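Written below as structure tokens is the structure these notes are about.
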Amino acid sequence: MNKPLNPPANALEAFWMPFTPNRRFKADPRFVERAEGMFYYTPDGRPVLDATSGLWCVNAGHNRPRIVEAIQKQAAELDYATSFNMGHPKAFEFASRLANILPGDLDHVFFCNSGSEAADTALKIALAYHRARGKGGKTRLIGRERGYHGVGFGGISVGGIVANRKYFGGLLGGVDHLPHTHDLARNAFSRGQPEHGADLADNLERIVALHDASTIAAVIVEPLAGSTGVLVPPKGYLERLRAICDRHDILLIFDEVITGFGRLGASFASELFGVQPDLITLAKGLTNAAVPAGAVGASARIYDTLMDGADAPIELFHGYTYSAHPLACAAGLATLDTYRDEGLFERAGQLSPLWEEAAHSLKGARHVIDIRNLGLVAGIELESRPGAVGERGQEIFKAAFDSGLMIRVGGDIVALSPPLIIEETQLDQIFSQLRNLLSTID
Ligand SMILES: Cc1ncc(COP(=O)(O)O)c(C=O)c1O
């Protein structure tokens with residue numbers, strides 16, 4: 071049960087909480103106060119098993135001493151330095167270390183502070199790249215229905231979640247969307263990549279036919295769509311998108327904010343699927359979420375074109391006060407060390423078959439209409455209550471938290487993505503606890 075916190079009057083009102091039904095939450099709040107490894111702890115000391123890595127971000131588990139110490143040391147040594155026309159060594163070291171592990175020729179890294187900023191940065195780089203090579207007419211950006219690329223105007227424009235778009239005016243012009251790949255009728259209860267839907271990529275040809283390739287700059291997709299309920303790409307789909315982009319001189323951007331850093335049992339989704347993007351966006355697991363950070367990895371071709379073709383000494387008029395913040399770089403370096411030394415990406419790959427088995431053991435559980443999985447991600451789709459989409463999801467979320475399990479719910483889809491340090495017994499516990507909870511929820 072939630073412990074009353076006895077806050078001073080109005081204490082809960084001041085914080086306007088993000089993506090939260092504020093009035094509901096403040097009438098019935100829930101708190102965590104501390105975390106370690108696989109667990110959060112509530113103010114009254116109750117452990118809560120974290121089956122969502124915070125918000126898909128704490129891939130190495132919580133409060134890892136190596137990362138904590140790196141941040142502490144950095145704060146005492148160099149609290150802040152701008153990266154505008156100035157440098158600090160860890161920024162270059164972190165970029166080099168990242169470039170070493172990024173797929174293919176993604177050899178250059180632009181730092182920002184979040185996944186939203188990474189998405190907007192990648193879109194801007196795509197536009198600037200075409201302009202620098204004398205193709206300034208290529209300005210259209212293509213996203214996908216049910217895509218999530220954060221909450222900046224660029225990200226919501228190419229994104230495909232209606233609630234994130236409809237309140238905010240006209241958004242960016244010149245944007246079009248591919249259809250999403252969710253196909254319950256043909257792909258329900260697929261293990262790993264579903265069989266049906268590669269042909270959905272051909273809609274890009276349709277979009278090209280409508281607008282002409284000479285007006286299209288880039289396509290941005292999440293290789294596996296996380297926030298809209300774990301949509302695993304159909305077999306062959308990403309390969310087909312890549313081929314169509316190549317045919318029409320369109321850049322392919324993979325938003326790997328969720329899928330990066332071992333989540334799918336490989337360093338990056340691009341590596342797992344063997345499909346090379348021109349730009350990649352990163353955040354979350356980049357610093358194990360211990361310090362906010364985001365990044366864009368760019369291909370050598372894009373970087374070189376901008377270096378050689380820019381019409382001003384500053385090749386890209388873009389950047390943030392906190393680009394390559396020293397604390398983020400220190401946390402990021404310690405995070406990469408942790409991933410490497412503990413073999414966490416490989417560990418995620420090794421655990422994937424067990425995870426798949428455990429996830430699909432929920433088939434037949436009450437309300438469950440689909441289960442999908444890849445790497446250490448699972449989506450469990452529940453039947454919605456008639457006229458009350460999301461209500462069942464909210465109830466299961468609350469019941470799970472009260473019973474010591476942190477899950478993520480979007481609408482009526484439960485999304486699970488535990489830290490890559492998860493033990494086998496904890497993995498089983500997540501699904502057996504969920505099965506019990508589903509039997510108690512109406
Ligand atoms: C694929 C993807 N892109 C971008 C973002 C936005 O990241 P942030 O919340 O750090 O701005 C998210 C966040 O969940 C995401 O899943």
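If you count the sequence shown from 1, you need to add 70 to reach my numbering.
Glycine residues also receive a C-beta, built at the ideal position from the N, C-alpha and C atoms.
Keep in mind it's a predicted model, so treat the numbers as computed, not measured.
- In chain order, the residues with a C-beta atom nearer than 7 Å to some heavy atom of ligand 1 are Leu125, Trp126, Ser184, Gly185, Ser186, Glu187, Ala188, Ala189, Tyr218, His219, Gly220, Val221, Gly225, Glu292, Gly296, Ser297, Asp325, Val327, Ile328, Thr351, Ala353, Lys354 and Gly364.
- The C-beta separation of Val447 from Val291 comes to about 16 Å, leaving the pair out of contact by the 8 Å criterion.
- Under the three-state reduction of DSSP output, Ala192 falls in the helix class.
- For the pair Val361 and Glu309, the CB atoms are not nearer than the 7 Å cut-off.
- The Cβ atoms of Met476 and Asp98 lie no closer than 7 Å to each other.
- Assignment of Leu321 by DSSP, reduced to helix, strand and coil, places it in the strand class.
- Exposure of Ala233 is indicated by the presence of fewer than 16 other C-beta atoms within 10 angstroms of its C-beta.
- When only Cα atoms are considered, Arg210 and Tyr390 end up about 24 Å apart.
- Between Gln496 and Met87, the gap from beta carbon to beta carbon reaches 7 Å or more.
- Fully contained in the stretch 248 to 298 are the following beta strand (DSSP E) runs of length 3 or more, in chain order: 286 to 291.
- Spatial neighbours of Ala485 in its own chain (CB-CB distance under 6 Å, excluding positions within 5 residues in sequence) are listed in chain order as Val300, Gly449 and Arg478.
- Minimum Cα-Cα distance from Ile483 among the listed residues Ser393, Ser473, Arg455 and His219 corresponds to Arg455.
- Going by DSSP, Asp381 is part of no beta strand (DSSP E) at all; its letter is neither H nor E.
- Segment contact: the stretch 145 to 163 against the stretch 331 to 348, fewer than three CB-CB distances shorter than 8 Å; contact not assigned.
- Just measuring C-alpha positions, the residue of Gly204, Leu82 and Ser166 sitting nearest Ala365 is Ser166.
- Val300 sits in coil when the DSSP states are folded into three classes, being neither helix nor strand.
- Burial check for Leu321: the Cβ neighbour count within 10 Å reaches 16 or more, so the residue is buried.
- Under a 10 Å Cβ-count criterion, Val302 is classified as buried, with 16 or more other Cβ atoms of the shown protein chains found around its own Cβ.
- Between the stretch 217 to 233 and the stretch 270 to 284 there are fewer than three inter-stretch CB-CB distances shorter than 8 Å, so the stretches are not counted as touching.
- In the displayed model, Glu106 falls within a strand according to three-state DSSP.
- Put simply, the stretch 185 to 198 touches the stretch 212 to 227. At least three CB pairs are less than 8 Å apart.
- In this structure, Thr285 sits near Gly207, with a CB-CB distance shorter than 7 Å.
- Each residue's CA atom was taken as its position, placing Glu139 and Ala400 some 9 Å apart.
- By a beta-carbon distance limit of 8 Å, Ile500 contacts Pro488. Their separation comes to about 7 Å.
- In terms of Cβ geometry, Asn358 and Val102 do not form a close pair [threshold 7 Å].
- The stretch 428 to 473 is shown to contain whole beta strand (DSSP E) runs of 3 or more residues at 438 to 444 and 447 to 452, in chain order.
- Assigned with DSSP and collapsed to three states, Thr495 falls in helix.
- Annotated three-state conformation of Pro396 is helix, per DSSP.
- Spatial neighbours of Ser153 in its own chain (CB-CB distance under 8 Å, excluding positions within 5 residues in sequence) are listed in chain order as Ala161, Phe181, Gly389, Ser393 and Ala394.
- Lys354 and Leu248 have their C-alpha atoms some 26 Å from each other.
- For Tyr373, the three-state secondary structure derived from DSSP is helix.
- DSSP places Arg93 inside the alpha helix (DSSP H), whose first and last residues are Asn92 to Ala97.
- Along the stretch 143 to 219, the alpha helix (DSSP H) occurs as fully enclosed runs of 4 or more residues at 159 to 171 and 185 to 202, listed in sequence order.
- Annotation for Gly419: Gly335 and Ala336 place their beta carbon closer than 7 Å to its own, counting only its chain and skipping 5 residues before and after.
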